[in-house]
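Residue numbering for the sequence shown follows my numbering, starting at 199 and increasing by one per position. Cβ atoms here follow ideal geometry from the backbone N, Cα and C, with glycine treated the same way.
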Amino acid sequence: MNRSRDPSATNFFDNIQRTFSGLNNRLEKSVQEHLRNVYATVAAGVGAAAIGAAIHMFTNILRANFLLAFVSTGVMFTLISTPHTRENEKKRLGYFLLFCGISGVSMGPLLERVIEIDPSCVLTALLATTTVFGCFSLVALHAPSTKYIHLGGTLASASLCLLFAAFFASYYVIIIGGLALACAFVVYDTQLIAEKSRRGDDDYIWHAVELFMDFANIFRYLIVLLADKRQRDNRKRRD
């Protein structure tokens with residue numbers, strides 16, 4: 199017996215297929231190839247960060263501490279100072295993965311706190327981050343013009359305002375504002391990377407650094423929001 203397919207589900211998947219296939223008409227082949235390299239590197243970086251977080255939480259090999267911030271800065275400086283050449287590609291990729299791994303270790307204390315509240319928040323935040331990051335990336339790539347590139351000054355000013363607002367604004371406002379700003383940076387950085395690729399900048403490793411930091415910031419804000427909500431729900435049930 200033939201089972202009829204759900205029309206809404208069919209339309210949903212058809213729309214997704216059209217969304218991705220439409221990029222073939224909007225983006226040059228060289229840009230598409232560059233973006234594939236960038237996103238593959240970002241995915242590897244997220245994996246390295248997950249390993250770093252696991253090392254912090256489940257072993258005594260390496261724990262997050264203040265000195266680790268200096269190590270992370272040193273690795274980033276080394277990556278920046280290493281020329282982008284074919285000979286240095288593997289070396290720079292190693293620096294990138296090391297930076298991501300250290301970032302994961304640094305995130306370990308936050309994850310431990312969230313797991314104490316509700317372990318499911320970690321996976322939920324990761325899936326939500328991937329969805330949000332992907333959606334805003336598609337917004338940037340499907341935009342009819344490069345108008346989002348001009349948001350650089352605005353985003354820099356907004357970041358400075360958010361920094362000062364941390365001294366007097368409520369905690370919730372800071373988290374929401376930071377999340378909105380992180381999403382805006384995904385759009386800005388994605389368009390900027392595509393435009394740089396058109397102009398011959400094929401440093402996919404450095405471009406992956408920019409998007410990895412956007413991804414990590416979104417994850418931090420989302421997991422804090424989820425954990426805070428679960429904590430409030432738990433308190434209400436106890437009361």
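When you compare each of the options to residue i by their alpha carbons, which one comes out closest?
i    : options                   : result
H405 : V236, R284 and Q230       : V236
A338 : V422, V269, A392 and Q429 : A392
I416 : A242, A380, H254 and L353 : A380
I187 : A326, A267 and L291       : Residue 187 cannot be examined here, being either before or after the span of the chain that is shown, 199 to 437.
S304 : R261, P317 and D401       : R261
G245 : R430, F410 and Y419       : F410
Have a look at residue i and residue j and give me their C-alpha separation to the nearest angstrom.
i    : j    : result
R284 : K434 : 58 Å
F294 : D387 : 18 Å
F334 : T327 : 11 Å
P342 : T239 : 26 Å
Could you check how far apart the C-beta atoms of residue i and residue j are, in whole angstroms? I think they sit under 8 Å.
i    : j    : result
I315 : A242 : About 29 Å separates the two Cβ atoms, so there is no contact after all.
Q319 : V312 : Correcting the residue identity first, residue 319 is Cys in this sequence and not Gln. Right, the Cβ-Cβ distance comes to about 5 Å (below 8 Å), so this counts as a contact.
A363 : I373 : Wrong, their Cβ atoms sit about 11 Å apart, outside the cutoff.
M255 : E310 : 6 Å
Helix, strand or coil, according to DSSP, for residue i in the structure here?
i    : result
H282 : coil
F410 : helix
M305 : coil
I315 : helix
D399 : coil
R430 : helix
S355 : helix
L260 : coil
In terms of residue numbering, what span does the alpha helix (DSSP H) encompassing residue i cover?
i    : result
A367 : Premise fails: A367 is in no alpha helix (DSSP H) and is neither H nor E.
S228 : K227 to F256
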